[in-house]
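K.L.:
All residue numbers for the sequence shown refer to this note's numbering, where the first residue is 124 and numbers rise by one.
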Amino acid sequence: MKVLVTGGAGFIGSQLVDLLLAEGHTPIVLDNFSNGREENVQSGVKIYRKSLLSDKIERIFKKEQPDVVMHLAAQVSVAKSLESPAEDAAVNVLGTVKLLEYCTKYGVKKFIFSSSSAVYGYTSEVIHEDSPTSPISFYGTSKLVSETYIKLFNRLNDLPYTILRYANVYGPRQRSDGEGGVISIFIEQLLRNEAPVIFGDGNQTRDFVFVDDVARANLLAITNADNQIINIGTSTQTSVNLLCTLLSNQLHSSLTPDYKPKRQGDILNSHLSNAKALDNLKWAPNFNLISGLEKTVDFFKINNNFI
Ligand SMILES: NC(=O)c1ccc[n+]([C@@H]2O[C@H](COP(=O)([O-])OP(=O)(O)OC[C@H]3O[C@@H](n4cnc5c(N)ncnc54)[C@H](O)[C@@H]3O)[C@@H](O)[C@H]2O)c1
124 MKVLVTGGAG FIGSQLVDLL LAEGHTPIVL DNFSNGREEN VQSGVKIYRK SLLSDKIERI
184 FKKEQPDVVM HLAAQVSVAK SLESPAEDAA VNVLGTVKLL EYCTKYGVKK FIFSSSSAVY
244 GYTSEVIHED SPTSPISFYG TSKLVSETYI KLFNRLNDLP YTILRYANVY GPRQRSDGEG
304 GVISIFIEQL LRNEAPVIFG DGNQTRDFVF VDDVARANLL AITNADNQII NIGTSTQTSV
364 NLLCTLLSNQ LHSSLTPDYK PKRQGDILNS HLSNAKALDN LKWAPNFNLI SGLEKTVDFF
424 KINNNFI
């Protein structure tokens, strides 16, 4: 199938492109390279270097007639969303709505959306897909509003969708600069022999899911879980303190973490049930935290340019 991958030069999107190629699909990348990297995309893959907000996007749909759109391009920073809510909404909401219009107009058969556990907000419970949504950042809000548009486009225009709400994704190619994930940031700090910085007391938990598993969830969504919202997590929570210890052990570091004040917009605990993913998407994670961290550490040791 011809699959348009927005954000296909980014961390998750580029590994999804690799998987689509390996499975015999034809991925096409749409990315403005604001956070993506040229070297993430295999040679031979067609790339449109455009913003979601460009008027020229329609031409891509007209020319390529994709069967499936996997929408990953986004303003991904919680902190930036709090500083510039309008900019966040422009990319994340308006960008998504424009794609939905073109998907409808050009007969796309499925829209697969990268949403986030940030739509849920504060909770100490295990999160199911029908748990209350109450985002505490504009990023979480823009994802939730996009979901509402996707559901309405389905009701009014019959555009099939799957919404995947990811937990904290980690793995090779995750950036450690800017708004990189905590795992790539800790690895960078430890490889530089700097004390890892923890915001808050470190007892906050995250549900860390490996990027290969997230890419596979998107692949499965081509043929499964029509018109469903699905959590993509490991059903396991890990404290940031434990994560830091695991990485310190893997990198043979005895540095003590540097604790800084908690950041606004950061959720306290995150623990996604993946029971629905198993039932509807036939998906369960293949990687546990130890095996995923090993692959990630190996990647960063070899690819110093990511640090
Ligand atoms: N990484 C995580 O832990 C995580 C968790 C939940 C959800 N998500 C979602 O998964 C998706 C991919 O995230 P990622 O971690 O790979 O981030 P990323 O920043 O590596 O990828 C996003 C890509 O979108 C591109 N992009 C940004 N604005 C654009 C625009 N206006 N037009 C075209 N391209 C644009 C960037 O250049 C980048 O390549 C995002 O939608 C993100 O919200 C990620």
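Where a beta carbon is used, it is the ideal one built from N, C-alpha and C, also for glycine. These figures come from a predicted structure and were not determined experimentally.
Could you please give the first and the last residue of the uninterrupted alpha helix (DSSP H) stretch that includes Asp211?
P.N.:
Start at 1 with the first residue of the sequence shown, and residue 211 comes out as number 88. Element bounds for Asp211: 208-212.
K.L.:
Asp190 lies in the beta strand (DSSP E); which residues open and close that run?
P.N.:
Locating residue 190 in the sequence shown gives position 67, where the first residue counts as 1. No beta strand (DSSP E) contains Asp190, which DSSP labels as neither H nor E.
K.L.:
Around the C-beta of Pro319, are 16 or more other C-beta atoms found within 10 angstroms, so that it is buried, or is it exposed?
P.N.:
Within the sequence shown, residue 319 is the residue found at index 196, counting from 1. Buried.
K.L.:
Just to confirm before moving on: does the CB-CB distance between Val191 and Lys228 stay below 8 Å?
P.N.:
One-based indexing of the sequence shown puts residue 191 at position 68. One-based indexing of the sequence shown puts residue 228 at position 105. Their beta carbons are not under 8 Å apart, which means Val191 does not touch Lys228 by this criterion.
K.L.:
At the level of alpha carbons, what is the spacing between Ile306 and His375?
P.N.:
Residue 306 sits at position 183 when you count from the first residue of the sequence shown. Residue 375 sits at position 252 when you count from the first residue of the sequence shown. Distance between the alpha carbons of Ile306 and His375 is about 16 Å.
K.L.:
Would you call Tyr293 buried or exposed, if buried means 16 or more other Cβ atoms sit within 10 Å of its Cβ?
P.N.:
Within the sequence shown, the letter at position 170 stands for residue 293. Tyr293 is buried by the Cβ-count criterion.
K.L.:
Can you tell me whether DSSP reads Asp381 as helix, strand or coil?
P.N.:
For this step, residue 381 is matched to residue 258 along the sequence shown. Residue state, collapsed to three classes: strand.
K.L.:
Using the rule of at least 16 other Cβ atoms within 10 Å of the residue's Cβ for burial, across every protein chain shown, is Asn397 buried or exposed?
P.N.:
By one-based count along the sequence shown, residue 397 stands at place 274. Buried, because 16 or more other Cβ atoms sit within 10 Å of the Cβ of Asn397.
K.L.:
From this set, Val201, Ile321, Lys274, which residue's C-alpha is nearest Thr368's C-alpha?
P.N.:
To locate residue 368, count along the sequence shown from 1; it is residue 245. Checking every option, the nearest Cα to that of Thr368 belongs to Ile321.
K.L.:
Identify, in the order they occur along the chain, each residue of the same chain with its Cβ nearer than 6 Å to the Cβ of Ile308, setting aside the five sequence neighbours on each side.
P.N.:
Position 185 of the sequence shown, counted from the first residue, corresponds to residue 308. Within the same chain, Ile308 has close Cβ partners Ser299.
K.L.:
Verify the contact flag: Val292, CB atom, against every heavy atom of ligand 3, threshold strictly below 7 Å.
P.N.:
The ligand content of the structure shown is limited to ligand 1, which means ligand 3 is not among them.
K.L.:
Mapping DSSP to helix, strand and coil, what is Ser238?
P.N.:
Here the question's residue 238 lines up with position 115 in the sequence shown. Ser238: strand per DSSP, three-state reduction.
K.L.:
Given a cut-off of 8 Å, decide if Phe184 and Tyr225 are closer than it, judged by their beta-carbon atoms.
P.N.:
In the sequence shown, counting from the first residue as 1, residue 225 sits at position 102. In the sequence shown, counting from the first residue as 1, residue 184 sits at position 61. Yes, these two residues count as a Cβ contact at 8 Å.
K.L.:
If you count every other CB in all the chains shown that lies within 10 Å of the CB of Asp335, and 16 or more means buried, which is it?
P.N.:
Your numbering for residue 335 matches position 212 in the sequence shown. With 16 or more Cβ atoms within 10 Å of its Cβ, Asp335 is classed as buried.
K.L.:
In this structure, how does DSSP classify Phe156 when only helix, strand and coil are distinguished?
P.N.:
Position 33 of the sequence shown, counted from the start, is the residue given in the question as residue 156. Phe156: coil per DSSP, three-state reduction.
K.L.:
Cβ of Leu370 within 8 Å of Cβ of Leu416?
P.N.:
Residue numbering aside, residue 370 sits at position 247 when the sequence shown is read from its first letter. Residue numbering aside, residue 416 sits at position 293 when the sequence shown is read from its first letter. It is a contact, given that the beta carbons lie within the stated cut-off.
K.L.:
Taking C-alpha atoms, which residue in Ile170, Tyr284, Pro295 lies nearest to Thr431?
P.N.:
Examination of residue 431 is not possible in this model, given that the chain is present from 124 through 430 alone.
K.L.:
If you check the beta carbons only, do Lys203 and Leu175 fall under 8 Å apart?
P.N.:
On the sequence shown, position 80 is the one that residue 203 refers to. On the sequence shown, position 52 is the one that residue 175 refers to. Against a cut-off of 8 Å, the Cβ pair of Leu175 and Lys203 comes out as no contact.
K.L.:
Would you check if the region 126-142 and the region 350-359 touch, i.e. whether three or more CB-CB distances between them fall below 8 Å?
P.N.:
no
K.L.:
Val214 to Ser239, Cα distance in whole Å?
P.N.:
Taking the first residue of the sequence shown as 1, we reach residue 214 at position 91. Taking the first residue of the sequence shown as 1, we reach residue 239 at position 116. Whole-angstrom Cα-Cα distance: 15 Å.
K.L.:
Using the Cα positions of Val152 and Asn163, report the straight-line distance between them to the nearest angstrom.
P.N.:
Here the question's residue 152 lines up with position 29 in the sequence shown. Here the question's residue 163 lines up with position 40 in the sequence shown. Taking the straight line joining both Cα atoms gives about 11 Å.
K.L.:
Whose C-beta lies closer than 8 Å to the C-beta of Ile425 among residues of the same chain, with five residues either side of it excluded?
P.N.:
For the purposes of this step, residue 425 is taken as the residue at position 302 of the sequence shown. Correct list: empty, nothing qualifies.
K.L.:
Quick one: give me the first and last residue of the alpha helix (DSSP H) that Ile308 is part of.
P.N.:
Counted from its first residue, the sequence shown places residue 308 at position 185. Counting along the chain, the alpha helix (DSSP H) containing Ile308 begins and ends at 305-314.
K.L.:
Name the two residues that bound the continuous alpha helix (DSSP H) containing Gln138.
P.N.:
Position 15 of the sequence shown, counted from the first residue, corresponds to residue 138. Gln138 -> alpha helix (DSSP H) spans 134-145.
K.L.:
Comparing alpha-carbon positions, which option in Glu248, Gln188, Glu206 lies nearest Gln360?
P.N.:
Residue mapping note: residue 360 aligns to position 237 of the sequence shown, counting from 1. Nearest C-alpha to Gln360: Glu248.
K.L.:
Do Val337 and Tyr289 have their beta-carbon atoms positioned less than 8 Å apart in this structure?
P.N.:
Position 166 of the sequence shown, counted from the start, is the residue given in the question as residue 289. Position 214 of the sequence shown, counted from the start, is the residue given in the question as residue 337. Yes, these two residues count as a Cβ contact at 8 Å.
K.L.:
Please give the ranges of any beta strand (DSSP E) in the region 327-363, keeping only runs that are unbroken, at least 3 residues long and fully inside the region.
P.N.:
331-333, 351-355
K.L.:
I need the boundaries of the alpha helix (DSSP H) containing Val220, first residue and last residue.
P.N.:
On the sequence shown, residue 220 is found 97 positions in, with the first residue counted as 1. It spans 218-228 - the alpha helix (DSSP H) in which Val220 sits, taken as one unbroken run.
K.L.:
Give the DSSP bridge partners of Arg296, in chain order.
P.N.:
What you label residue 296 is simply residue 173 of the sequence shown in a count that begins at 1. Bridge partners of Arg296: none, in fact.
K.L.:
State yes or no: is the C-beta of Tyr272 nearer than 7 Å to some heavy atom of ligand 1?
P.N.:
Stepping through the sequence shown from its first residue, residue 272 is reached at position 149. It does not: the Cβ of Tyr272 is nowhere closer than 7 Å to a heavy atom of ligand 1.
K.L.:
Quick test of your reading: Gly167 and Asp154, contact by CB under 8 Å. State the CB separation rounded to the nearest angstrom.
P.N.:
Here residue 167 is taken as the residue at index 44 of the sequence shown, counted from 1. Here residue 154 is taken as the residue at index 31 of the sequence shown, counted from 1. Here Gly167 is actually not in contact with Asp154; their C-beta atoms are around 16 Å apart, not less than 8 Å.
K.L.:
Is DSSP giving Val288 helix, strand or coil here?
P.N.:
Taking the sequence shown and counting its residues from 1, one reaches residue 288 at position 165. Reading the sequence as shown, one finds Arg at residue 288 and not Val. If DSSP states are grouped into helix, strand and coil, Arg288 belongs with the strands.
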